[in-house]
Structures are given as structure tokens and as C-alpha cells.
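Scroll down for the structure; my scribbles are underneath it.
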Amino acid sequence: MANNLYFCRYLVNFAPENYMLMTDTRAEILTFAENRDSFRFTELFTYLNELFEISKVTLSWYLREMVKNQILFKLGRGIYTTKSVAIKEYEPHLRSEALKVGSKIQKAFPLLTTSIFDGQNLSDFQHHLSSNNAIYIEVDREATEAVFHFLKKEGYTVYLNPDKDFVYDNVDLDANVLIVKPLITESPLIEYKGVKTPKLEKILVDIVCDDDLDYLHGIEWHYMLENALGRFSLNRTNMLRYASRRNAKDKVADAIKEIE
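Residues in the sequence shown are numbered from -1 upward in steps of one, following my numbering.
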């Protein structure tokens, strides 16, 4: 009970009337939520403003504290429930074509560390869905050109570490294209059917860091991060360690803090 009421007592200038107001507001939120499997922020906001005036900023604060104290649970961006949500491990998946590409590279370059990422995985977290059928191949930096030329000889449409302008102007992400990029050392990887692929921690950091994924930067990345945090188990220490290697530790840490 003490944990559940902690956020109600946290006022800079505490006064009894403020405590009662906060308690009543929380009670109204729970009244609205209790007979629903889930609800949206906008639905709750409309309901509360029929009872009393409350701003979106204030309501967001209440919801953050109630989620923090496990009174409510997030299902996604702006979607909440009173039912405990089981946080699960993210399971990567690769299309047969991605697995085939990975196997070919492993056979041709057996000493290389290779990571294969299927662009279709990005839709698992997106708010504004956009098609991405590209297969991303990351290998040791000194081997990127050799792998690029090998895949070209194999008949693939392949690009070598393209920047955002080149992607916007020349790369059709709806098509089955290959993109070869350097692999950052100590990247969080996991094996899938004999092929290494990025862990969720790496995927989320790469999205905000990689120039060729510029179309997902900004608000969309924040949504994807929030969605992932609400649905899957994340090793924040490993994620921030990898972000540090990509000179993005502060940006990622601030975004996580803002969401949680």
C-alpha cells in the first residue's frame, strides 16, 4: 500500500488539499480503467475532463507514476491496462533469403564475424508502418568491400554503407536489396538458425545511429523505443554500453529516462 501511495505524497509544496486532489484523480483513473481490458490516453483524457479540468501534461505525470508503481501497465504508446503484462524476451527472425545470404558469407569468409539483420523486423516496433525488405549485413570493417564485391558477383543488388541521401535517392527499400555495413566491435548478437543476428539492444541503438536508417530517426525512433521497453525484456546496461561505443549513450539514456 505504501508503494502504491508513494507518488501521491510526492509534492514539492505538500498540502492536505493537494494530497486529496491527487488521491481523487488516481481513483478516477482506476474507475475508468477497471472495466476495460485496455484504454488509450486520449479516451482517459476526455473522460477526466468531463469531471474536472486536467492538462495532458498533468495526466501524463499521473500515468508515468502509476506505471512506475505497477498500478497500471503499458501495452504500447498511449495504451494502458490494469492487468499485469508479462515482459518477454524478444525473439529475432530471419527470412529464408536472409539465412541463405548469411550462410553464403560464412562459407566464403569463415573467419569473419558476420551479423545479418532482416529489415522486416523493424515493423515489430513501428508506429507509422513503412516497408523495409532490405537485408543488412554487418562484417568487420576491413572486410566490407570484399563482402560487397562477393555479393555483387553472386547476382545480388547490394550497396556498400550508403549514407542517408543515397538511400533516399537510390535505394528501394521495398525491394530485396542487400546493404553491407561495418560491424561495431562488441555488438550484442544472438544466433538464429546458425546465423548471427542483432539483439534487441543493438537494433534500437543502430536505428538512431545509422545514417541509412534516417527515415526512422526522431519521433518514430522514440515510439519504437517506448514500444520495445513496454513489451520486451531489455538489458539496459548492455544497451548503454553499446550506445557508448556508438557515441550515443547520453541520447539513449535520456530517451529511456523520459519514457520510464
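Don't be surprised by glycine CBs; every beta carbon is placed ideally from N, CA and C.
{"Item": "Same chain only: Cβ atoms within 8 Å of ASP35, ignoring 5 sequence neighbours per side", "Value": "THR79 and LYS81"}
{"Item": "Local conformation of VAL169 per DSSP, three classes", "Value": "coil"}
{"Item": "Same chain, Cβ closer than 7 Å to ILE77, five either side skipped, listed in chain order", "Value": "SER36 and ARG38"}
{"Item": "Selection from ALA132, LEU149, LEU120 and LEU171 that minimises the alpha carbon distance to LEU223", "Value": "LEU120"}
{"Item": "Residue environment, VAL250, which counts as buried when at least 16 other CB atoms sit within 10 Å", "Value": "buried"}
{"Item": "Nearest-angstrom Cβ-Cβ length linking ALA31 and LEU70, presumed shorter than 8 Å", "Value": "7 Å"}
{"Item": "Sequence-distant residues of its chain with Cβ nearer than 8 Å to LEU28 (five each side left out)", "Value": "ILE69 and THR80"}
{"Item": "Contacts around VAL169, its chain only, beta-carbon distance under 7 Å, and the 5 residues preceding and following it disregarded", "Value": "TYR157, PRO160 and VAL175"}
{"Item": "Counterpart residues of TYR190 in DSSP-defined beta bridges", "Value": "VAL193"}
{"Item": "Neighbourhood of ILE52 by C-beta, 6 Å cutoff - its chain only, sequence neighbours within 5 removed", "Value": "LEU46"}
{"Item": "CA-to-CA distance, VAL65 to THR235, given in whole angstroms", "Value": "21 Å"}
{"Item": "Residue nearest to THR195 in terms of C-alpha spacing, selected from HIS91, ASN67, PHE50 and TRP59", "Value": "HIS91"}
{"Item": "Nearest-angstrom beta carbon gap, GLU199 and ASN233 [assumed within contact, 8 Å]", "Value": "6 Å"}
{"Item": "Proximity of SER113 and LEU211 at Cβ, strictly below 7 Å", "Value": "no"}
{"Item": "Segment contact, 8 Å Cβ cut-off, at least three pairs: the stretch 200 to 210 with the stretch 241 to 256", "Value": "yes"}
{"Item": "Distance between beta carbons of GLY153 and TYR134, contact taken as under 8 Å", "Value": "Their Cβ separation, rounded to whole angstroms, is 19 Å, which puts TYR134 and GLY153 out of contact at 8 Å."}
{"Item": "ASP210: CB within 6 Å of a non-hydrogen atom of the ligand MG", "Value": "As far as ligands go, the structure on display features none, and thus does not contain the ligand MG."}
{"Item": "C-alpha gap between GLN104 and LYS98, whole angstroms", "Value": "10 Å"}
{"Item": "CA-to-CA distance, VAL55 to ILE201, given in whole angstroms", "Value": "30 Å"}
{"Item": "Distance between LEU110 and TRP219 (C-alpha atoms, nearest Å)", "Value": "30 Å"}
{"Item": "Sheet register partners of PHE107 (DSSP bridge)", "Value": "Paired residues: none, contrary to the question."}
{"Item": "ILE217 versus VAL193, LYS102 and ILE257, residue with shortest Cα-Cα distance", "Value": "ILE257"}
{"Item": "Cα-Cα separation between ILE177 and TRP59, rounded to whole angstroms", "Value": "42 Å"}
{"Item": "Cβ-based burial, PHE314 [other Cβ within 10 Å; buried from 16]", "Value": "Nothing about residue 314 can be reported from this structure: the residues present for the chain run from -1 to 258 only."}
{"Item": "Residues that ASP116 bridges to, as DSSP identifies them", "Value": "ILE133"}
{"Item": "C-alpha gap between PHE230 and HIS215, whole angstroms", "Value": "21 Å"}
{"Item": "Simplified DSSP state of TYR157, which is helix, strand or coil", "Value": "strand"}
{"Item": "Cβ neighbour criterion (16 or more within 10 Å) applied to LYS197", "Value": "buried"}
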